[in-house]
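To start, the structure itself, in structure tokens.
Numbering (my numbering), first residue to last: 3 to 256.
Given below as structure tokens:
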């Protein structure tokens, strides 16, 4: 039986230290968005009025070791949001990019941005509570741990939480992994391969069909076990070095 947590603990970080980059040609909207973000505690807010300037500013911030959260307008005067997103993710692949637009989320162009790696969607006109909800998800490095050995689940969870990583769910088979992923939308899934009823390979297929950009870390004592290694972020063979897993999560995924 799987378990998940409704009251997710916050990481001990100061949002005031996190850079925000708004790429938006309508200055009144950029000012309003900045005002809302300041209300949430963010102070380092940068605004660029087109995609070209936005990419240039993003590069500058990354080079100074300040990877920003990016708010990207869907309609820009110079280049497409698709091109901006591609270049941003080429510079820093794990960047959180939030698409802001009055267009419907179901439109093919918006869907394409999510397929490429956009984090979420902020409808126009802006709603403060929706923005707050999105930013709350960004401030937690949230993951789930799935293994049929409860001692292994607890051990991995405790190690990660000691490092400031938030474990929001635990499960014991592939179907639980999939259902939990759909409900909680974690940033990563730590997944055992050989489990009863529904194995890890089942979970990988279902999760990647749900979200092609899902980050899955496989832990297994059976290196010969059949699964598509191209669909996962990393594979660790038991017994594994937990420091390497922590480093991967903190430096690449979160």
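Here a beta-carbon is modelled for each residue, glycine too, at the ideal position from N, C-alpha and C.
Collapsing the DSSP output to three states places residue 204 in a helix. Taking the Cβ atoms as the reference, residue 192 lies roughly 6 Å from residue 158, within the contact range of under 8 Å. Bridge partners of residue 130 according to DSSP: none are assigned.
Taking residue 199 as the centre and dropping the five residues before and after it, the same chain places the C-beta of 175, 176 and 177 closer than 8 Å to its C-beta, in chain order.
Of the other Cβ atoms in all chains shown, fewer than 16 fall within 10 Å of the Cβ of residue 33; this residue is therefore exposed. When secondary structure is reduced to three states using DSSP, residue 56 falls in the helix class. Contact between residue 133 and residue 124 holds: CB atoms are separated by about 6 Å, below the 8 Å threshold. If you ignore the 5 residues before and after residue 150, its C-beta comes within less than 7 Å of the C-beta of 174, 175, 194, 197 and 198, all in its own chain and listed in chain order.
If the five residues before and after residue 222 are omitted, its C-beta is found closer than 6 Å to the C-beta atoms of 195, all from its own chain and listed in chain order. Unbroken beta strand (DSSP E) stretches of 3 residues or longer found wholly inside the segment 132-192: 144-148 and 168-173, given in chain order. The criterion of a C-beta distance shorter than 8 Å is not satisfied by residue 63 and residue 91.
In its chain, beyond the 5 residues on either side, 24, 26, 73, 102, 128 and 133 have a beta carbon closer than 8 Å to the beta carbon of residue 35. As for any alpha helix (DSSP H) of minimum length 4 sitting wholly inside the segment 221-251, the runs are 244-250, ordered along the chain. Taking all protein chains shown into account, residue 188 has 16 or more neighbouring C-beta atoms within 10 Å of its C-beta and is therefore buried.
The alpha-carbon of residue 155 is positioned some 31 Å away from that of residue 71. Membership of residue 122 in any alpha helix (DSSP H) is not indicated; the residue belongs instead to the beta strand (DSSP E) covering 122-125.
In terms of CA proximity to residue 234, 216 leads the group 19, 216 and 180.
Taken through DSSP and simplified to helix, strand or coil, residue 33 comes out as helix. Looking at the DSSP output, residue 74 shares a beta bridge with 25 and 101. According to the DSSP secondary-structure assignment, residue 218 is paired through a beta bridge with 191.
Residue burial annotation: residue 184 is exposed, with fewer than 16 other C-beta atoms found within 10 angstroms of its C-beta.
The beta carbon of residue 38 lies closer than 6 Å to those of 130 and 133 in the same chain, with the five residues before and after it left out.
Collapsing the DSSP output to three states places residue 81 in coil.
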